[in-house]
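To convert, count from 1 in the sequence shown and add 1; that's the working numbering. C-beta: ideal position from N, C-alpha, C; glycine also. Since this is a predicted model, take the numbers as computed values, not measurements.
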Amino acid sequence: MSRYIDRRWFLAIMTVVLITTGAACGMWISRLVVISGDRGPMQIFSDELLDRAVEVFAEADRMLAVANSSPYPFCSDKEIMFLRDTLFSTKYLKDMGRVKDGSFHCSAVFGNSKEPMPLIRHDLATPDGKLIYATARLAISKSTAPIIGIGNANVVLDPAAFETLKHPAYTFGVMYNPPDASSTIGMFGTLGIGKIDMKLPLGAGRTGDTVYRNVCRQLACVTVHADIGSLQASAQPLASLIATFGAALGGAAAVIMILLQRNNLSLKARLQHAVSQNRLTVEYQPIVDVASGRTVAAEALVRWRENGETIPPDVFIPVAEKAGFINRLTMCVIDQVLSDMSAALHANPGFHISINISAADLSDRHFGALLAMRLRRASVASNQIALEITERTTANASDAKEAIQRLRSRGHKIYIDDFGTGYSSLAYLGELNVDGIKIDKSFTQTIGTGSVSVSIVPQIIDMARVHGLEIVVEGIETPAQRDYFAALKPRVEGQGWLFGRPSGAFAIREALTEISPGFSVLPIPASVAQ
Ligand code: C2E
Ligand code: CA
Ligand code: CA
Numbered sequence: 002m003s004r005y006i007d008r009r010w011f012l013a014i015m016t017v018v019l020i021t022t023g024a025a026c027g028m029w030i031s032r033l034v035v036i037s038g039d040r041g042p043m044q045i046f047s048d049e050l051l052d053r054a055v056e057v058f059a060e061a062d063r064m065l066a067v068a069n070s071s072p073y074p075f076c077s078d079k080e081i082m083f084l085r086d087t088l089f090s091t092k093y094l095k096d097m098g099r100v101k102d103g104s105f106h107c108s109a110v111f112g113n114s115k116e117p118m119p120l121i122r123h124d125l126a127t128p129d130g131k132l133i134y135a136t137a138r139l140a141i142s143k144s145t146a147p148i149i150g151i152g153n154a155n156v157v158l159d160p161a162a163f164e165t166l167k168h169p170a171y172t173f174g175v176m177y178n179p180p181d182a183s184s185t186i187g188m189f190g191t192l193g194i195g196k197i198d199m200k201l202p203l204g205a206g207r208t209g210d211t212v213y214r215n216v217c218r219q220l221a222c223v224t225v226h227a228d229i230g231s232l233q234a235s236a237q238p239l240a241s242l243i244a245t246f247g248a249a250l251g252g253a254a255a256v257i258m259i260l261l262q263r264n265n266l267s268l269k270a271r272l273q274h275a276v277s278q279n280r281l282t283v284e285y286q287p288i289v290d291v292a293s294g295r296t297v298a299a300e301a302l303v304r305w306r307e308n309g310e311t312i313p314p315d316v317f318i319p320v321a322e323k324a325g326f327i328n329r330l331t332m333c334v335i336d337q338v339l340s341d342m343s344a345a346l347h348a349n350p351g352f353h354i355s356i357n358i359s360a361a362d363l364s365d366r367h368f369g370a371l372l373a374m375r376l377r378r379a380s381v382a383s384n385q386i387a388l389e390i391t392e393r394t395t396a397n398a399s400d401a402k403e404a405i406q407r408l409r410s411r412g413h414k415i416y417i418d419d420f421g422t423g424y425s426s427l428a429y430l431g432e433l434n435v436d437g438i439k440i441d442k443s444f445t446q447t448i449g450t451g452s453v454s455v456s457i458v459p460q461i462i463d464m465a466r467v468h469g470l471e472i473v474v475e476g477i478e479t480p481a482q483r484d485y486f487a488a489l490k491p492r493v494e495g496q497g498w499l500f501g502r503p504s505g506a507f508a509i510r511e512a513l514t515e516i517s518p519g520f521s522v523l524p525i526p527a528s529v530a531q
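Printed below as a string of structure tokens:
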């Protein structure tokens, strides 16, 4: 019960984690999408600003030249009229004035000053002789505006020259970029007004949570900034859509995980049921003396068929091992083997059945005794039941060695199954003190392909001989493979489709009657037995 509750908690937590991770990934992706998606609009906006800035500063330059070459006497009424006419033809200028000896004398809007007014301190003097005032206080209004002057003239630029180009997601600065100067000065916008900056790095980029684009042309530079957070806010529908999609993906992953768990749960429950009802069956595959072709043993292979479906042992054995009822499954197989084969084993003392056992069986101290009790009941000698363990089962060498010794002392032969697929060396197996090895079928397949030299099989066989181990070669499928192993001395045993596929008990019993013709191991029909 508590395991069930634990599992439910685990699934609930995993679901929340997957949905949250999905949403977080969605937010992250939306952030990237928003940033890359904004590149286009930011480029358009900064280009528009730059066009306007180039126009504004070019107009100022032109009008300064016009004022400086006025055909009228300095600050005469005619000149003021001339300045006014000129000013009305401009787009971005607020005033045009005349200066002399560091003082302001007259302008188009202000008219003639009674007293010349001393000029305020400029912010920047450019190499070509211009004086720049980024935020000069205007005499006629309380506002401030940028002023550019040269020679005996200056022009007041319209502080609202960029008002029509505002964008809710962006902040910007417009800089005057004097020819041959190493710095720019901020004139319009909210970024860096009056600030004298070394020239900005051109192009698009990102610093912290801000993305920017800097562009320059002729007398103007523009910088546009966007805060990623506010970009996301303005792209909120898109961001939430992607985040929702991410969360949905996370949810779907959680559902798939739950379904997989359920499926596994039900596989486990179904298998447990099948074991408890003794519904597993056993097939037998002959093991032959390769040189003579004589059947000397058979391997018992468990089978599970349910509702017309055959589930392979490679799938359900690990389930039983993980769920902790492999010992019961092994006992079911043993019971089935004894029920199928006890008479045949009794009649053929030289014949044995090889049974696969798992790590949990090997480490179970009662396993040997339970097996012995069954064998006694069936009158079968213990040397007629061999046990196959895999290399993985022997990972804990000292425990395995002890368990192997216990089972061998009861009379069972022990084979290392699927030899070569694990990591143990033959020397290590010598230490374990087993009876023999079963060379995995993947090695057998390297024989008969024309290049024995690339196969490791000859070395395995030589080493096994040195350690006095019996050899069973698995997966012999072709006459070429058989011939190769038949020529070896001393003899080896073999198993594979060439000699016989796993099949019901009847076939193996029949093969045994051929060996000992005097003895019938055919089952007595139930009607006769009664
Ligand atoms: P295994 O012990 O290596 O069994 C040999 C497998 O190779 C069997 O597959 C057999 O059908 C297959 N085989 C035999 N000859 C050939 C051949 O010539 N070519 C090819 N390609 N295959 C061949 P199966 O019956 O599907 O068993 C798979 C594995 O399941 C077994 O491998 C064994 O590890 C495990 N297993 C089977 N029965 C039991 C059991 O009762 N208890 C335990 N613990 N494990 C079992
Ligand atoms: Ca085996
Ligand atoms: Ca094997």
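- Nearest C-alpha to K167 among N153, G190 and A205: G190.
- With respect to S359, T394 sits close: the two C-beta atoms are nearer than 9 Å.
- Check the Cα spacing between P119 and each of G112, V110, V100 and N113: the tightest is with V100.
- When DSSP reads this structure, A298 sits in a beta bridge with I288 and H353.
- The shortest C-alpha to C-alpha distance from L12 to any of D124, A109, C26 and V256 is the one to V256.
- Nearest in C-alpha terms to D419, of all of A379, S399 and I461, is I461.
- Here A137 is buried, its C-beta having at least 16 other C-beta atoms within 10 Å.
- By the CB criterion at 9 Å, T211 and A227 fall inside the cutoff.
- The same chain holds no residue with a CB closer than 7 Å to that of N397 once the five nearest residues on each side in sequence are set aside.
- When secondary structure is reduced to three states using DSSP, F75 falls in the coil class, being assigned neither helix nor strand.
- R510 sits away from D290, with the two beta carbons spaced by 9 Å or more.
- Here DSSP, grouped into helix, strand and coil, assigns K490 to coil.
- Remark: fewer than three beta-carbon pairs, one from each stretch, lie closer than 8 Å, so the region 470-483 and the region 269-280 are not flagged as touching.
- In the three-state reduction of the DSSP assignment, T514 falls in the helix class.
- Following the DSSP letters along the chain, one finds A205 inside the beta strand (DSSP E) bounded by residues G204 to T208.
- Judged by their CB atoms, T224 and L250 are not nearer to each other than the 9 Å cut-off.
- With respect to the 9 Å criterion, I472 and G437 are classified as neighbours on the basis of their beta carbons.
- By the neighbour-count criterion, in which 16 or more other beta carbons inside 10 Å mark a residue as buried, A382 falls on the exposed side.
- Not a single heavy atom of ligand 2 lies less than 8 Å from the C-beta of D336.
- In this structure W29 is exposed. Its beta-carbon is surrounded by fewer than 16 other beta-carbon atoms within 10 angstroms.
- Judged by their CB atoms, A109 and L125 are not nearer to each other than the 9 Å cut-off.
- Distances from the CA of M188 to each of P287, L51, P313 and N113 were compared; the closest alpha carbon is that of L51.
- Contact between S343 and A379 holds, with the beta-carbon distance rounding to 4 Å and staying under 8 Å.
- Annotation: the region 310-379 contains the following complete segments of the beta strand (DSSP E) (minimum length 3 residues), in chain order: 310-312 and 353-357.
- In the three-state reduction of the DSSP assignment, H413 falls in the coil class.
- Distances between the C-beta of Q273 and the heavy atoms of ligand 1 are all 8 Å or more.
- Relative to the Cα of D48, the nearest Cα in the group C26, Y213, Y134 and Y285 belongs to Y213.
- As a beta-bridge residue in DSSP terms, G437 pairs with Y416 and E471.
- Between the C-alpha atoms of Y93 and G230 there is a straight-line separation of about 34 Å.
- The nearest non-hydrogen atom of ligand 3 is 8 Å or more from the C-beta of E392.
- Cβ contact annotation for M15 (same chain, cutoff 7 Å, sequence separation greater than five): A255 and M258, in chain order.
- DSSP, reduced to helix, strand and coil, places L94 within a strand of the structure shown.
- A distance criterion of 8 Å places the beta-carbon of E475 in contact range of ligand 3, judged by its closest non-hydrogen atom.
- Taking 9 Å as the cut-off, the beta carbon of N357 is found no closer than this to the beta carbon of E284.
- When R53, I243 and L88 are compared, the shortest CA-CA separation from M176 is found for R53.
- Taking 8 Å as the cut-off, one finds at least one heavy atom of ligand 3 near enough to the beta carbon of K442.
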